[in-house]
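S.K.:
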Amino acid sequence: MRYVIAAVGRMKAGADRDLLDRYLDRARKTGKGLGVSAVDMLEHAESRAARAEDRKADEAAALLQALPARARLVVLDETGKTMTSPALAERLRGWMDEGTPEIVFAIGGADGHGDALRDRADVVLALGAMTWPHQIVRILIAEQIYRAFTIQAGHPYHRV
Numbered sequence: 003m004r005y006v007i008a009a010v011g012r013m014k015a016g017a018d019r020d021l022l023d024r025y026l027d028r029a030r031k032t033g034k035g036l037g038v039s040a041v042d043m044l045e046h047a048e049s050r051a052a053r054a055e056d057r058k059a060d061e062a063a064a065l066l067q068a069l070p071a072r073a074r075l076v077v078l079d080e081t082g083k084t085m086t087s088p089a090l091a092e093r094l095r096g097w098m099d100e101g102t103p104e105i106v107f108a109i110g111g112a113d114g115h116g117d118a119l120r121d122r123a124d125v126v127l128a129l130g131a132m133t134w135p136h137q138i139v140r141i142l143i144a145e146q147i148y149r150a151f152t153i154q155a156g157h158p159y160h161r162v
């Protein structure tokens, strides 16, 4: 079972990148005991199209092209469904128990996601009603993956 955060755009070195790397490392270490083989970050180039709709379509196509056929897709979007951390942990565990080979969390570009990606999503997930910078969304979802693993492992990191 592999987890992937697939994001449009590049994250520069600095404090944000360091924090992202810290949560990815924690998730990798905790996930091993749960049967998780990898927790990876993949970055895709931003589209250079002139119109926002064309940029969204181009970026959606790039994300979909990299998506393995049997992967579960979680699209991060402010219009999506909110979930508690335990509910997310349960959903992820359920997919793993079904034999899902890969779970991909997709973070769109500045214009959002194209319809093709949203249509393919197994879950459209909101991290609240606010709009977040893409760098922070990467950190937040990496932390939630780590948190889900600690919940599944019975670790006290997530306190109820």
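Each step along the sequence shown adds one to the number in the working numbering, with nothing skipped, and position 76 is 78. For glycine and all other residues, C-beta sits at the position ideal for the given N, C-alpha and C.
Would you say G114 and E61 are within 7 Å of each other, going by their C-beta atoms?
M.R.: Contact: no.
S.K.: What do you reckon, are the CB atoms on Y148 and A29 nearer than 7 Å?
M.R.: yes
S.K.: Exposed or buried, Q67, counting other C-beta atoms within 10 Å across all chains shown (16 or more means buried)?
M.R.: exposed
S.K.: Span of the beta strand (DSSP E) holding V75?
M.R.: Correcting the residue identity first, residue 75 is Leu in this sequence and not Val. R74 to K83 is the extent of the beta strand (DSSP E) around L75.
S.K.: Looking at V126 and V77, is the spacing between their C-beta atoms short of 7 Å?
M.R.: yes
S.K.: Which one of R19, D20 and G35 has the shortest CA to CA distance from A150?
M.R.: Considering only R19, D20 and G35, the residue with the shortest C-alpha distance to A150 is G35.
S.K.: Between G193 and D27, what straight-line distance do the alpha-carbon atoms span, to the nearest angstrom?
M.R.: What the structure shows of the chain is the stretch from 3 to 162, and residue 193 is not part of that stretch, so it cannot be assessed.
S.K.: As a quick exercise: from R53, R50, R93 and A8, pick the residue whose alpha carbon is nearest that of D124.
M.R.: R93
S.K.: Looking at C-alpha atoms only, which residue of A63, D99 and G82 is the closest neighbour of A47?
M.R.: A63
S.K.: For L44, count the other beta carbons within 10 Å of its own beta carbon; 16 or more makes it buried, fewer makes it exposed. Which is it?
M.R.: exposed
S.K.: Rounding to the nearest angstrom, what Cα-Cα distance links P158 and M85 in this structure?
M.R.: 20 Å
S.K.: Between the Cα of Q154 and those of R50, G96 and S39, spot the shortest distance and give me the residue it belongs to.
M.R.: G96
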